[in-house]
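Have a look at the structure below before the remarks.
Residue numbers (my numbering), protein chains in the order written: chain A, 67 to 468; chain B, 67 to 468; chain C, 67 to 468; chain D, 67 to 468.
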């Protein structure tokens, strides 16, 4: 049977991820017994997560709380929303009422819900260039046109943003919102300076645009420096947040949230009810107990973060040692370093060769770019691999590089 | 700040559920200390679910499997897809390859993904009238026009379906697919006869329409009678399945699936990756172990189903005793009985009065109807309440009825 | 061959006009030799149009101007836009630059272009209730949801408008613009008072909504009273105009215009170029010469308008004489009188019976309503029929009415 | 006032034509008094059109037929549809009933109506590569993705079409229809061989795709050779026609047609009524009289076509003389020759320089291409300029070329 005639026209906007190819090839090599070092992950380290503790929480809750196997309210367990409100106040300087928080199926679920409520086919969404590939794909599925604004070590460039907005407006393009990952940006690894955060808010205000702030990496900060989210600096209610506990609890629990007010909050909630009912209940309970019992401080801040920091240092050191002349970003937050190959190099080909000849898997940066630039970039993950693998991986990469 | 200007035009298609009002009112009364009997649920009974066993599974997996806190492949853990393929073969006579199974965030997640791949704004979807309110809302969010076909005790009426299709076609309306819940239909509680299932397949074939089969209640069957899913009778590949373990494991785990082939399967998978990554990992592992260890037979078939059957009988008996002249459906599967009040009665008003004066919560059937009919209907749930509550609830209902 | 599978989903939004039935039946009766009096037209009187003069203009232009058979610029012949700018200044108190005028294929073409540039599927458009059926159908084709605001003898009611906006906003509905026919409204025949015009502008300003002003009947005014268009009262640039010469030159020339600025003007022009190139060239030249030579004053104001006024008076007099107790509107502009049958009467059935039994064709008002009201209304046209037919038609109508 | 926030998301799909720049520049130069030779037109020659005769027709009709200034039925004057049916039978071997013909506002109007009924946002439309720029823009406005198939001297290549369809299907893309200009293709000037026409019909049948046949240049044929339209070869009803009299009567009359059956015909008609009412009435009457009185033969076939043929020959001869080594198409129909500059040449820059330095206006072919190819092409029109201008224009072009 030929199914294509049944597909919606808009299904033509659904594109596969260019990364799927890399991952598929890696899986094939591994299935043939090849041992690979992966610097390609987008996950935290399962060994820096207190899995046994989470297991105990799960067991207790399932046994003792009948509703732990049932639907929760569509916006999530009330106590969890209260805990998150307190948590955000304490660790993020963000003051929100629990009613403004909607628990979602991960941070990607939050972004999809927001996209469905905000984006009409044809609408322009401005992002950093490069930006997180899955968000680009998710918004494009909805018919959005994604326009990127260049990034340097201090984040999205305000001047370039102004210029992009002016250019779009002068050609009659309607802009829906600005999507940004200000902290530990994926894939660049850079963190937006507070000055730029303020400039971004001003530009959004000037042009009356919403900002969707993706705080996915806000709990992966390695310096003793206060980094206030846009939401904490926002005086107008212009910032909508897509947040997640994925980097704290693990990506598999699918616990994220939208922070929004008024009509947007109401619409997201109405929209969400019939399509996903609620984020997974057991995950919600685990998150609730984790936060309530102070495990964020006990396990994440005290134990996990130092571990990630060591790995970050290991990667920077390895790059400086093995590739003294190469350009790369030096993250103070997040899970990624962006490496720039020489200008005319092809990151796709390099990644392929690196996998085949050196057994090291990395992610080419190109698919994260919203235009034809970025061909010479490589995204390196340091959160998932061991320090040893980081060192060995970079060493091998450097061999090929030369 | 005024957010409505930022909303997408299509956000106007998002409507709140009329049931939310009923539930909100019930919650208010309860918060004032009023004790209520609820015959309004859409859940299985958490006490017929082996929660302690599930808790042990969760604990073991989290402690011993590092990947249990990480993303799984977008279509789900391979072993789980294999288990489900075997499970469907054994218990449903459905032969599918694990590659045709995509694990989703519950059955509603499966339907949303299918809707997004199949429905263009304006497309007509045919359903039973009445049909599951959340599916109607989910498809309407996508811009679908839902057209219902009357149901009797044997399910959707083939003649009425033919007539509906003819009528729609003659006015130039494009039909996208037929959505049906053939077994234990929500809210009617009826199960489609095999004769009708075959007629439905023939009609779909004649008009070259897809069928989306919602098998949500396929594991809630109370008679020793073989009920073959449409998918098992489908020789053309015309049936797409949205399935779930929600009635077996509990609704909170958010484990469902799409069964589809070819372009539809591929598109659902491509679409899904950037927006929900994967169904919750811990839920997938619990489902995997539950099926692998034979708990479906041990716990669900042997212990839970007899319990639900007793409750079903309790409700039928109570209705026959207290409302000897009333018309209601007699389910052989599912979780609901549809009660028909006298023709000119208003089910909404009745449900309100029943809650306020008698402390019994029921769901008016009207919001499940795709047209202006069904005003006099009441949906009664027997899966969640105790036998005692069922009896007492129906008794009180009968008092008001008279 | 079965074509419905090739149709777009959005083609399901295209609906036939309920008036088509009436007209078809009239045509059938006429083809059987039945003589009918029509009070159903939507046209001016071809005998009040200086057709011979227009014919001479056409002949001269075609013979002497080679470009009269070629495309014009997409926004129309520059001289024509200049003439219209002057014309609007002189007769409408509207000051616009020729660059803000885009010549379109009639007023309906202007509305369609505006709809395509402004309406996303799902968007709400507010209109008078009732409003012009073809505009409602045109906007619904584009996926708009049309919400009507009641009208009385002074036009759209400001209080009801405020309430409607509040109600829509409170349920999270996004409103795109307000469409109004302030002068000689079709089908009501009423003209909005200046007080209400100002109130409408204020409400639009308060909620930051555009107004699309349909000035189709602005050159059909029968009292010596200044009626300033919304555009003339608009200080913010909030009013977009859809205008036409159809009531002056005849509906068949298909000469209309959009008046808009900035991005909207630019987009309409860009959109228009590849889909209709230009309004018909010969019609543009006829319009140009007609205006340039002062024929608007000479023929329309001095000869046609007095003729229409006589007919208007004939209709009002006939209604007062034959239906002394009936309620109907008393137009100071436009081409229509709305007659209200007794509240429980069915205008559709009445119109049918009137045609069959009395040989008089009228248009039931119901299809012009945006909700279920207006069942008892009848739209009567006085511009097209002769005074004798008006009198005789109303007499027969009165016979049936009683 | 800032209007961009009021624009629809889909308005972002509206793009300006790259040709507008060329034309604007030409107009500027002319307004500065520069005399230009234009080989850039898309029009027939107004001096080969019997304008005086058309003027007489217009005058007679306007004076004697009252309905000549009123709306016609939405599908056009019945007699005109009958005349066109006979005309198509006689000159095109196409047998259609008058009921299958809908008179539209030019051929572009026909294509826009068809697009609106067939295209959902995201749908793929296959065209020749290059194809007519305004059709590409019109379909893109509707959210279509246009995919081109290479053309050689015999028209669209069947193998390349098969490959394109396979490639699109394998990536899950939904194709809506194939748009083709088989005769005198714009901009290539080539005419599809009958063998290829049959192959195209077979491929469309194999993949169950509609064909939209643009017959804009079917009455501009210069060889004594029978060229049967796809519609005449179509046994399945798979071909929808967009036709026009623009090349016969002149482009300004805006008389075109759709030929379609069943649901598509019905939907186009329903859609059309409220948005353009009818094609311009005076144009319809002129067309009717022109056809009825045999002027097509008398004026077009006997007088105009020989004139166009002479110009075509003049252009071919000039190219052969002045550019003996250049590659260009040799049209047997239509109004265009495509000239291929050396492979690495930039047609845009060439056209610019030619205008500025040599005073010759031509159209770069690039904007007609659906991909990044065609940079080195120039479209030359021979229907509008005089033979002298053709010769002089090509001479100057050749000077720059060298």
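Cβ coordinates follow ideal geometry from the N, Cα and C atoms, glycine included.
Going by beta carbons, residue 358 of chain A and residue 149 of chain A fall inside the 8 Å limit.
Between the alpha carbons of residue 393 of chain D and residue 304 of chain D lies a distance of about 35 Å. 8 Å or more divides the Cβ of residue 453 of chain D from the Cβ of residue 368 of chain D. Following the DSSP letters along the chain, one finds residue 176 of chain C inside the alpha helix (DSSP H) bounded by residues 172-184.
Going by DSSP, residue 200 of chain D is part of no beta strand (DSSP E) but of the alpha helix (DSSP H) stretching over 199-207. Taking the beta carbon of residue 186 of chain C as reference, the chain B residues within 8 Å of it are 74, 75 and 76, listed in sequence order.
The beta-carbon separation of residue 353 of chain D and residue 321 of chain D, rounded to 5 Å, stays under the 8 Å limit for a contact.
Under the three-state reduction of DSSP output, residue 218 of chain A falls in the strand class. Within the same chain, Cβ atoms closer than 8 Å to the Cβ of residue 380 of chain B are found at 448, 453, 456 and 457, the five residues on either side in sequence being excluded.
As DSSP reads the structure, residue 195 of chain C sits in a beta bridge with C:216. With a threshold of 8 Å between beta carbons, residue 190 of chain B makes contact with chain C. Contact note: residue 181 of chain A does not reach chain C at a C-beta cutoff of 9 Å; the least C-beta distance is about 14 Å. In the displayed model, residue 447 of chain B falls within a strand according to three-state DSSP.
By the criterion of at least three beta-carbon pairs nearer than 8 Å, the region 240-252 of chain D is in contact with the region 193-205 of chain D. Not a single C-beta of chain C is nearer than 8 Å to the C-beta of residue 432 of chain D. Residue-level contact check: residue 251 of chain B does not touch chain C, since none of the beta carbons of chain C fall below 8 Å from its beta carbon. Closest option to residue 224 of chain D, judged by alpha-carbon separation, among D:267, D:344, D:212 and D:213: D:267. The continuous beta strand (DSSP E) containing residue 406 of chain B extends over residues 402-406. Taking C-beta atoms as the reference points, residue 175 of chain B and residue 187 of chain C fail to come closer than 8 Å.
Taking each of B:248, B:84, B:316 and B:269 in turn and checking the Cα distance to residue 227 of chain B, the smallest one comes out for B:269. Residues of chain B whose Cβ lies closer than 9 Å to the Cβ of residue 328 of chain A are, in chain order, 67, 68, 69 and 70.
Chain order gives no chain A residues near residue 333 of chain D, where near means a beta carbon separation below 7 Å; the closest approach is about 16 Å. Residue 98 of chain A sits exposed, since fewer than 16 C-beta atoms from the chains shown fall within 10 Å of its C-beta. Per the coordinates, the alpha-carbon of residue 259 of chain D lies some 23 Å from the alpha-carbon of residue 436 of chain D. Between the region 334-349 of chain B and the region 161-176 of chain B, the count of C-beta pairs closer than 8 Å reaches three or more; the two stretches touch. Close to residue 235 of chain B, with beta-carbon spacing below 8 Å, are these residues of chain C in chain order: 70. Within the same chain, 170, 324, 334, 337 and 338 come within 7 Å of residue 179 of chain C by CB-CB distance, once the 5 residues on both sides are set aside.
With at least 16 other beta carbons inside 10 angstroms of its own, residue 385 of chain D counts as buried. Burial state of residue 214 of chain D is buried, judged by a 10 Å Cβ sphere holding 16 or more other Cβ atoms. Between the region 138-147 of chain B and the region 74-83 of chain C there are fewer than three inter-stretch CB-CB distances shorter than 8 Å, so the stretches are not counted as touching. Proximity of residue 303 of chain B to chain D, defined by a Cβ-Cβ separation below 8 Å, is not satisfied.
In chain order, 329, 332, 333 and 336 make up the part of chain B whose C-beta sits under 8 Å from the C-beta of residue 238 of chain D.
Around the C-beta of residue 360 of chain B, fewer than 16 other C-beta atoms lie within 10 Å, and the residue is accordingly described as exposed. The region 412-420 of chain B makes no contact with the region 395-403 of chain B: fewer than 3 CB pairs, one atom from each, lie closer than 8 Å. If you keep only unbroken alpha helix (DSSP H) runs of at least 4 residues inside the region 337-396 of chain C, you get 347-358 and 371-388. Interface residue (Cβ-Cβ distance to chain A less than 8 Å): residue 214 of chain B is not classified as such.
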